[in-house]
Amino acid sequence: MKTWLTVLAFATLLGSARVRAELPPGSYDTLRVEAPEALLIEVMGVKKAAKGNATEVVAVARVLHVERTKAGLRPGAMVEIRYIHINAPIPGPRPVPLLAEKVIVPAFLKKGEGKDFEPAAYGMSFVMTPER
């Protein structure tokens with residue numbers, strides 16, 4: 004019996020190593036609703052730098068539409084968005100996707116360092132789709 008319990012415990016540990024810890028249901032929707040900046044942007048350029056298991060991303064985007072802003076952004080303004088993209092899945096919130104040039108996406112942002120912005124809702128910062 005003791006051996007069987009040991010095998011079961013080991014199998015449980017192995018299985019749980021592949022499970023990603025997500026935020027509770029509704030968390031991403033709440034983060035998007037509470038984001039200081041809710042915009043529609045066109046990504047003009049993206050710079051990427053590999054850093055181990057991650058990629059540092061700096062995206063330059065033009066604001067096309069402003070739903071709400073605490074920073075006083077207006078259509079036509081240029082914003083710089085900085086974030087880290089995790090290349091291999093790790094436990095935690097959904098990773099922020101890599102933005103591509105010449106795409107138009109919604110952006111839920113918060114103020115970062117200096118004049119920069121950063122994603123406000125982790126991996127759901129550049130989509131409108133409600134959580135399922």
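Residues in the sequence shown are numbered from 4 upward in steps of one, following the working numbering.
Glycine included, every Cβ here is placed at the ideal spot set by N, Cα and C.
- Residue pairing by DSSP places G79 in no beta bridge whatsoever.
- With a cut-off of 8 Å on Cβ pairs, the stretch 23-32 is not in contact with the stretch 54-64, counting fewer than three such pairs.
- Residue environment: I107 is assigned as exposed (fewer than 16 neighbouring CB atoms within 10 Å of its CB, all protein chains considered).
- Take the alpha-carbon of P133 and the one of K114: they are about 23 Å apart.
- Under the rule that a run must span 3 or more residues, the beta strand (DSSP E) segments found entirely inside the stretch 67-128 read 81-89, 107-114, 120-122.
- Going by beta carbons, A41 and F111 fall inside the 9 Å limit.
- When C-beta atoms of the stretch 87-98 are compared with those of the stretch 61-76, fewer than three pairs fall below 8 Å, so the two segments do not count as touching.
- For A38, DSSP assigns no beta-bridge partner whatsoever.
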